[in-house]
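Below is one structure, written out as structure tokens; comments come after it.
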Amino acid sequence: MDGLTGVANRRCFDERIRAEWEACQSSGVPFSLIMFDLDYFKMYNDTYGHQPGDRCLREAAGAAAAAVSALKLQGAMVARYGGEEFAVLLPGTDADRALGIAEDVRERIVSLAIPHSGSKASSVVTVSVGVSTLLPAEAISPENAIERADQALYEAKKAGRNCVRMASQTPFC
């Protein structure tokens, strides 16, 4: 567990993504991954200080974990990926459902209404979210899912932040 946020830590994420990927590959079901980070978080820390910043991270992680645990989806997990970035494993989840879950996570964090006067996206803390869905196969790896979700996350940032973007659905080559 991540000592600050109470969700899984990066080491746990690295172990679980591989195991869940392999299980999805064996079952022939899709694997989805959500990556999100808090918008303008450095500005948050600069404005409010590190202790409020830590509290903000805990609350955002808790909101994401509540959204995911409400699904009762086997193998689903929220992890702190690094700094203010989080990942959500969604084994056996198709693209449409993953997008819905990503939007729920985004809305839950916004609804915390944590003031953020340093943000250019909103007066409250928001997140940018990237989603990737792949059908695991021998030629691709969990790292491909991470890369695609991360790319979609940056597309959300370029689109103005506080939104969800899905990685291109073009077949992976």
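Numbered per my numbering, the sequence shown finishes at 473, counting up by one with no gaps.
Ideal Cβ positions, reconstructed from N, Cα and C, are used throughout, including at glycine.
Alpha carbon to alpha carbon, how far is cysteine 473 from alanine 456? In this predicted model, cysteine 473 has a pLDDT of only 33, less than 50, meaning its place in the structure is not dependable; the value taken from the coordinates is given anyway. Near 24 angstroms, if we compare the C-alpha coordinates of alanine 456 and cysteine 473.
Own chain, CB closer than 6 angstroms to glutamate 385, minus 5 neighbours either side, in chain order: Asp337
Give me, in chain order, the residues of the same chain whose beta-carbon lies closer than 7 angstroms to that of glutamate 359; leave out the 5 immediate sequence neighbours on both sides. Leu412, Ile414
Grab the span of the beta strand (DSSP E) containing alanine 387 for me, first residue to last. 385 to 391
Should arginine 318 be labelled buried (16 or more other beta-carbon atoms within 10 Å of its own) or exposed? exposed
Assign alanine 439 to buried or exposed, taking buried as 16 or more other Cβ atoms, counted over all protein chains shown, within 10 Å of its Cβ. exposed
Considering only C-alpha positions, which residue in the set Cys324, Ser326, Leu453, Thr305 is nearest to proline 352? Its Cα nearest to that of proline 352, the residue Thr305 stands out among Cys324, Ser326, Leu453, Thr305.
Helix, strand or coil: which one does DSSP assign to phenylalanine 313? helix
What's the C-alpha gap between arginine 465 and valine 431? Going by the C-alpha atoms only, they are around 6 angstroms apart.
Excluding the 5 residues flanking proline 471 on each side, which residues of the same chain have their C-beta closer than 6 angstroms to its C-beta? Summary for proline 471: the model assigns pLDDT 44, below 50, so the residue's position carries little reliability; its value from the coordinates is reported in the next sentence. Cβ within range, chain order: n/a, list empty.
Please state whether DSSP places arginine 380 in a helix, a strand or coil. Looking at arginine 380 - three-state DSSP - the assignment turns out to be strand.
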